[in-house]
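Residue numbers (the numbering used here): 35 to 276.
Next up, the structure:
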């Protein structure tokens with residue numbers, strides 16, 4: 035029976051979270067630890083001494099401690115699933131407008147790459163920690179695209195992130211996308227063998243306001259130009275919060 039451990043990454047709790055004893059899980063031959071996090075929302079980072087107001091991730095030291103603790107508890111046999119919204123790509127800076135051609139379209143593909151480059155530059159150290167984690171033991175990391183970072187489904191965007199993660203061991207960092215082999219599915223990740231655990235971000239369930247109408251195909255063409263789809267939820271966030 036595969037064991038599941040969900041670490042609640044409670045950033046506001048501070049370093050005391052990582053002083054906890056490892057959970058009592060049996061990792062015998064062929065057994066692995068499953069750890070799920072989501073909604074890191076790496077954003078535009080710092081400008082000088084000030085953080086961009088849209089960036090929700092400001093805890094590099096805690097992130098480092100968390101990944102070290104997870105790998106130690108799992109004895110280097112961990113499947114870390116980042117279940118959506120690793121990146122914040124709904125709140126671009128003024129010089130990357132991502133306005134689209136109508137309410138249902140957002141960034142061009144070039145704008146999506148430019149925005150991702152900005153986020154990657156701001157959180158290069160945080161992303162590199164993921165690569166170091168993936169290189170330990172037999173650890174693996176799976177990125178499940180969410181609604182805020184659906185652009186990870188674009189090969190050009192994913193390559194920017196994967197390069198920044200920088201894992202040196204082949205196959206240790208995987209994007210779950212259409213056509214990916216198990217344990218990835220078109221919407222998420224499923225444990226193997228047996229499929230006892232299923233993980234997805236959730237925006238494609240039912241009639242969620244963040245649902246993409248043709249997921250995982252998120253690109254529309256207008257007058258020969260390609261744009262990312264903009265969901266109702268994205269319009270709401272950009273009108274209210276931005």
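Here a beta-carbon is modelled for each residue, glycine too, at the ideal position from N, C-alpha and C.
- The residue from 271, 265 and 261 with its alpha-carbon nearest to that of residue 141 is 261.
- Look at the beta carbons and you see the segment 194 to 201 not touching the segment 228 to 237: under three pairs across the two are nearer than 8 Å.
- Under DSSP, the beta-bridge partners assigned to residue 256 are 259.
- Under the three-state reduction of DSSP, residue 272 is assigned to helix.
- In this structure, the beta-carbon distance from residue 119 to residue 217 does not fall below 9 Å.
- Distance check between residue 258 and each of 143, 193, 169 and 159 places 143 closest, using alpha-carbon atoms only.
- Inter-segment contact for the segment 115 to 132 and the segment 249 to 257 is absent: fewer than three beta-carbon pairs are separated by less than 8 Å.
- No Cβ-Cβ contact shorter than 9 Å links residue 123 with residue 211.
- Counting only runs that start and end inside the segment 198 to 254, the beta strand (DSSP E) elements of at least 3 residues fall at 207 to 209, 222 to 224 and 232 to 234.
- Per DSSP, reduced to three states, the secondary structure at residue 146 is helical.
- The C-beta distance from residue 233 to residue 223 rounds to 5 Å, short enough to meet the 8 Å contact threshold.
- Here residue 220 is exposed: its Cβ has fewer than 16 other Cβ atoms, across all protein chains shown, within 10 Å.
- The Cβ-Cβ distance between residue 149 and residue 179 does not fall below 9 Å.
- Segment contact: the segment 76 to 86 against the segment 153 to 160, three or more CB-CB distances shorter than 8 Å; contact assigned.
- Excluding sequence positions up to five before and after residue 264, its CB lies within less than 8 Å of the CB of 134, 137, 138, 139 and 140, all in the same chain and listed in chain order.
- Nearest to residue 246 by C-alpha distance, out of 86, 87 and 182, is 182.
- DSSP places residue 76 within a strand segment (E or B) once states are collapsed to three.
- Here DSSP, grouped into helix, strand and coil, assigns residue 84 to strand.
- Per DSSP, the unbroken beta strand (DSSP E) holding residue 114 starts and ends at 112 to 117.
- With three or more CB-CB distances shorter than 8 Å, the segment 103 to 110 counts as touching the segment 60 to 72.
- With distances taken between CA atoms, residue 275 lies nearest to 88 out of 88, 104, 101 and 100.
- Taking every protein chain shown into account, the CB of residue 145 has 16 or more other CB atoms within 10 angstroms, so this residue is buried.
- Per DSSP, the unbroken beta strand (DSSP E) holding residue 67 starts and ends at 67 to 71.
- Closest by C-alpha distance to residue 243, out of 231, 270 and 102, is 270.
- In this chain, the alpha helix (DSSP H) harbouring residue 104 covers 94 to 107.
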